[in-house]
Amino acid sequence: RQNFPCCRRISSDNVLNLLNKNENFKGTYVYLSLLRSIIIGFIEKSSTIEERLYHIWTVVFTCRLWWPWIHYWAIKNSSNNDNSESVKQVKSNSFITKPTFWCIEINAHTLLYIILLVIKNKLPVDALSTYLFNSQTCENTFRIARALSGPYSSITNFTVKSFINRCEKISIINSIKTQGGQIGDYQFKFPQHHKHDKEVHVYSVNPLKQLNLTLWLPAFFCENQSF
């Protein structure tokens with residue numbers, strides 16, 4: 042069962058600082074640092090787009106180096122045949138699962154592709170809100186679409202075309218919420234749950250257009266080395 046609050050606690054700065062002080066826990070420190078980078082890159086609402094790119098691609102490059110290093114280490118430190126099932130099992134248990142690895146790769150490339158589409162004005166700036174890219178958001182969108190039937194209608198099912206039309210209405214409402222409910226001289230106030238985090242970074246397309254990803258990414262990685 043998913044337990045995201047637990048993942049956030051075990052990858053906190055206090056835990057990482059304690060692990061980093063002990064040389065015997067370097068592997069655990071790196072693993073939890075990757076978990077922390079994934080949280081910052083995709084889930085934290087206050088992360089800037091530069092921070093998202095840096096942290097998620099740090100995870101990608103670390104995992105790419107991690108997997109071949111495990112193969113090399115297993116061959117050099119095992120007296121068994123490298124093709125034996127026991128050695129293969131050791132390699133598999135010493136790395137994250139393959140679905141997790143490919144999920145990280147796909148999400149990292151998707152984030153970069155979305156940024157390029159935003160720069161070319163093919164997607165709105167709101168598309169950079171990666172913390173909304175989860176199943177809970179999809180389920181919530183479907184619930185809101187059903188609620189748009191109206192108070193005097195008992196019809197809760199709809200066609201695909203009807204769902205797309207309702208999604209357009211939901212998109213307009215969310216756009217108003219993103220702008221803080223301020224449109225010209227008029228202001229809309231929406232009720233907000235007390236558990237919802239209000240620390241959300243407001244993105245702008247102008248700094249992104251000035252961002253040369255080919256030159257910026259290598260320089261940013263060199264200046265911010267994690268391990």
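Heads up, the sequence shown is in the numbering used here, so the first residue is 42 and it goes up one at a time. Just so you know, even glycine gets a beta-carbon here, dropped at the ideal spot from N, CA and C.
With DSSP run on the structure shown, which of helix, strand or coil describes residue i?
i	result
residue 67	helix
residue 276	Given a span of 42 to 268 for the chain in the structure shown, any question on residue 276 remains unanswerable.
residue 135	coil
residue 246	Residue placement at residue 246 is poorly supported in this model, since its pLDDT is 49, which falls under 50; the coordinates still yield a value, given next. Of the three classes helix, strand and coil, the one that applies to residue 246 here is helix, per DSSP.
residue 85	coil
residue 170	coil
residue 199	coil
residue 62	coil
residue 55	helix
residue 206	helix
residue 148	helix
residue 44	coil
residue 181	helix
residue 213	helix
residue 103	helix
In terms of residues, what are the limits of the alpha helix (DSSP H) holding residue i?
i	result
residue 189	Here residue 189 belongs to no alpha helix (DSSP H), and DSSP marks it neither H nor E.
Does the stretch 140 to 159 come within contact of the stretch 94 to 103, defined as at least 3 CB pairs closer than 8 angstroms? yes
Report yes or no: do three or more beta-carbon pairs, one from the stretch 68 to 79 and one from the stretch 157 to 173, lie closer than 8 angstroms? no
Between the stretch 181 to 189 and the stretch 198 to 210, do at least 3 Cβ pairs fall closer than 8 angstroms? yes
Given 8 angstroms, three or more beta-carbon pairs between the stretch 163 to 181 and the stretch 84 to 93: yes
Inter-stretch contact (C-beta, 8 angstroms, three-pair minimum) for the stretch 53 to 60 and the stretch 130 to 146: The stretch 53 to 60 is not in contact with the stretch 130 to 146.
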